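Taken in order, the sequence shown gives residues 1 to 543; the numbers are from the UniProt record's numbering. Virtual Cβ for every residue (Gly too), placed ideally from N, Cα, C. These numbers were taken from a predicted model, which means no experiment stands behind them.
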Amino acid sequence: MRISTQQYFDTSASKYQSNYSSVVQAQQQASSGVRVQTAADDPVAAQRLLMLQQQKDMLSQFSGNITSLKSSLTNEESILQSISAAVQAGSQLALRAGGVTSDADRKSIAVEVGAIEEQLMGLLNSKDASGNYLFSGSKTQTPPYSRNSDGTYSYQGDENALSLQVSETLKVNAGDTAKSILEGAINTSRTQSSYIAPTVAPVPPAISPPLVDDHKVAISAGLVTSGTDYTKQFSDGQPYKLTFTSSTQYVVTDKNNNDITSEIAGNGTFDSTKEGSSSVNLRGVKFDITVDLTDTATGPDADALVKGREFNLAAKPDSFNVSRTASNASTAQLTNAQISSAADYASTFPGNSGILIKFDDIDPTAYKVYAQPYTANSKPIVDNGVIDSASTPNKITAAGVTFELSGTPQVGDQFTVGNTTQKTQNALDTLSQLRQALEQPADGIPGARGKLQDALNAAVSNLTNSLTQVDNVRGSIGARQNALEVQESENTSVGLANTSTMSALANVDMGEAAINLTLQQTMLEASQLAFVKVSQLSLFNKM
Numbered sequence: 001m002r003i004s005t006q007q008y009f010d011t012s013a014s015k016y017q018s019n020y021s022s023v024v025q026a027q028q029q030a031s032s033g034v035r036v037q038t039a040a041d042d043p044v045a046a047q048r049l050l051m052l053q054q055q056k057d058m059l060s061q062f063s064g065n066i067t068s069l070k071s072s073l074t075n076e077e078s079i080l081q082s083i084s085a086a087v088q089a090g091s092q093l094a095l096r097a098g099g100v101t102s103d104a105d106r107k108s109i110a111v112e113v114g115a116i117e118e119q120l121m122g123l124l125n126s127k128d129a130s131g132n133y134l135f136s137g138s139k140t141q142t143p144p145y146s147r148n149s150d151g152t153y154s155y156q157g158d159e160n161a162l163s164l165q166v167s168e169t170l171k172v173n174a175g176d177t178a179k180s181i182l183e184g185a186i187n188t189s190r191t192q193s194s195y196i197a198p199t200v201a202p203v204p205p206a207i208s209p210p211l212v213d214d215h216k217v218a219i220s221a222g223l224v225t226s227g228t229d230y231t232k233q234f235s236d237g238q239p240y241k242l243t244f245t246s247s248t249q250y251v252v253t254d255k256n257n258n259d260i261t262s263e264i265a266g267n268g269t270f271d272s273t274k275e276g277s278s279s280v281n282l283r284g285v286k287f288d289i290t291v292d293l294t295d296t297a298t299g300p301d302a303d304a305l306v307k308g309r310e311f312n313l314a315a316k317p318d319s320f321n322v323s324r325t326a327s328n329a330s331t332a333q334l335t336n337a338q339i340s341s342a343a344d345y346a347s348t349f350p351g352n353s354g355i356l357i358k359f360d361d362i363d364p365t366a367y368k369v370y371a372q373p374y375t376a377n378s379k380p381i382v383d384n385g386v387i388d389s390a391s392t393p394n395k396i397t398a399a400g401v402t403f404e405l406s407g408t409p410q411v412g413d414q415f416t417v418g419n420t421t422q423k424t425q426n427a428l429d430t431l432s433q434l435r436q437a438l439e440q441p442a443d444g445i446p447g448a449r450g451k452l453q454d455a456l457n458a459a460v461s462n463l464t465n466s467l468t469q470v471d472n473v474r475g476s477i478g479a480r481q482n483a484l485e486v487q488e489s490e491n492t493s494v495g496l497a498n499t500s501t502m503s504a505l506a507n508v509d510m511g512e513a514a515i516n517l518t519l520q521q522t523m524l525e526a527s528q529l530a531f532v533k534v535s536q537l538s539l540f541n542k543m
């Protein structure tokens, strides 16, 4: 096989260039310490390095998220500590009010309660450094709580707590919603008692129950002592009727008139003269009996005073708050909301969001009812509502709830209606009810002292439950902070391992790089010398 001079020169040049490139690469590796400078240097290692770099970037983002979460949770913990202190102060004022005997002193305490109420609302409506509300969930531009016209409070946020990713598999909530902080607090004052007046005039008055309650005998509104028993037993059997048979005995019947006295500790006996001996523990609810025998002797006279009096014991009905849309053409209001159909209310009224009542755009006597939130595509849950003009005042019924109309609605008027179940109660509403109770005069007013005591008992119990709820959230913050510490340590370990692996894949051993550089330089020099020697050969050299 013959090799032309041109072929030889081309082959030699190509080999020289290859050796020269190897020298350059060896020089770059030796000077930079990096083995894989392009994907061509080591495709497998390059792919692995790319994945490791992506993981490194993610770990950097996770680190930033953890720092942000720590700051957010520390801020929330500080605010919750203040909320806890405010709720505790309200409970202490309720306890102190129980020993106050004058209206003036109680009004003074009411002012203090009002200040705590305002402080608590301000804390719950706190903002972060960016101006976002902390406790509104994802609705960061909406204040969590607003005060209704009737003095109650409504939560306006949602239940979607914001969260950040701190690892490939773990998200941590950056905060909590006000709903989880306060709205879940159990309401122990879910029941009520009321005097049942006789249907006929007492004859003779001295030995028959009065037509009008004289408050000589009273039963407290009751406090729930067992949520399980209340739900499974009390609710199903209510309303109950408690009938006194003497000044030391009573009988209790359920809604079906079944005698259930034997279920109650003491089997229907009580002693109003001894503290703690006049309680009725009925299916998870404790009612206290009070008998005023100041002007009555014990024995037959006391029996005559008490015998025959009857009281209704039942759960409190749900309450409602109504807001008219500011753009309404009329000044009409919806008032005195009452459940008129328990079945329709249970099946139709959306408990979590409330309803929107929208009067017709043509006929102002007709209206439709929509579930909240209302959109242009919403379908009505009540499509054919008509004002009941036969009643005075006029009334409308929506989802089992009847409202009185004060004024005449115009076309397009809208009203939003939210309901408050008695199962839970937030601390703002508890403080508001306590303040209002302390503002009411009680000196010398029959029955007022009993109502005040009911309010105080309810406030202490419900604020204690609210405090427990806040403490639970604070505990969850501590758990999240601990989880962040653990995850941060784990991310650091992964990052170190990541760096070590990347170094092993990408970096070069300097001793090996020096040897390789010398080798490549030697090979380049050898190829140069060989080319020079061979290129000078000719046929004359063979002669």
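The C-beta of residue 389 has fewer than 16 other C-beta atoms within 10 Å across all chains shown, which makes the residue exposed. Residues 229, 233, 234 of the same chain have their beta carbon placed closer than 6 Å to that of residue 283, with the five preceding and five following residues left out of the count. Within the same chain, Cβ atoms closer than 6 Å to the Cβ of residue 350 are found at 371, the five residues on either side in sequence being excluded. Taking 7 Å as the cut-off, the Cβ atoms of residue 114 and residue 309 do not count as close. Selection 472, 457, 298, 448 evaluated against residue 178 yields 472 as nearest (Cα-Cα). Annotation for residue 114: the continuous alpha helix (DSSP H) segment containing it runs 103-124. Counted as a single uninterrupted DSSP element, the stretch harbouring residue 433 is not any beta strand (DSSP E) but the alpha helix (DSSP H) occupying residues 427-439.
Around the beta carbon of residue 408, a 10 Å sphere encloses fewer than 16 other beta carbons of the protein chains shown; the residue is thus reported as exposed.
In the structure shown, residue 164 falls within a strand segment according to DSSP collapsed to helix, strand and coil. Closest by C-alpha distance to residue 244, out of 78, 307, 132, is 307. For residue 331, no alpha helix (DSSP H) segment is defined, and its DSSP state is neither H nor E. With a threshold of 16 other beta carbon atoms within 10 Å, residue 51 falls short and is exposed. With fewer than three CB-CB distances shorter than 8 Å, the segment 118-133 does not count as touching the segment 436-443. Per the DSSP secondary-structure output, residue 320 pairs in a beta bridge with 419. Rounded to the nearest whole angstrom, the CA to CA distance from residue 300 to residue 220 is 25 Å. Here residue 54 is exposed: its Cβ has fewer than 16 other Cβ atoms, across all protein chains shown, within 10 Å. Under the rule that a run must span 4 or more residues, the alpha helix (DSSP H) segments found entirely inside the segment 222-308 read 300-306. For residue 345, the uninterrupted alpha helix (DSSP H) segment begins and ends at 342-348. In this structure, DSSP gives residue 402 an extended state, which the three-state scheme calls strand. Note on geometry: alpha-carbon atoms of residue 364 and residue 411 lie some 5 Å from one another.
The DSSP-derived three-state label of residue 82 is helix. Residue 414 is bridged by DSSP to 358. For residue 120, the closest C-alpha among the options 486, 454, 431 is that of 431. 216 is the residue among 216, 83, 211, 158 whose C-alpha sits nearest the C-alpha of residue 445. Residue 375 has its alpha-carbon roughly 38 Å from the corresponding atom of residue 61.
The C-beta of residue 129 has fewer than 16 other C-beta atoms within 10 Å across all chains shown, which makes the residue exposed. The beta carbons of residue 427 and residue 87 sit closer together than 7 Å.
The beta-bridge partner set that DSSP reports for residue 311 consists of 195, 242. In this structure the segment 311-321 touches the segment 416-426; the number of beta carbon pairs closer than 8 Å is three or more. In the displayed model, residue 212 falls within coil according to three-state DSSP, outside both helix and strand.
For residue 70, the closest C-alpha among the options 281, 172, 209 is that of 172. Excluding its 5 nearest sequence neighbours in each direction, residue 337 has C-beta neighbours in its own chain below 6 Å: 320, 401, 403, listed in chain order. Per DSSP, residue 218 is one residue of the beta strand (DSSP E) stretching across 217-219. Assignment of residue 61 by DSSP, reduced to helix, strand and coil, places it in the helix class. Residue burial annotation: residue 413 is buried, with at least 16 other C-beta atoms found within 10 angstroms of its C-beta. Closest by C-alpha distance to residue 226, out of 241, 287, 470, is 287.
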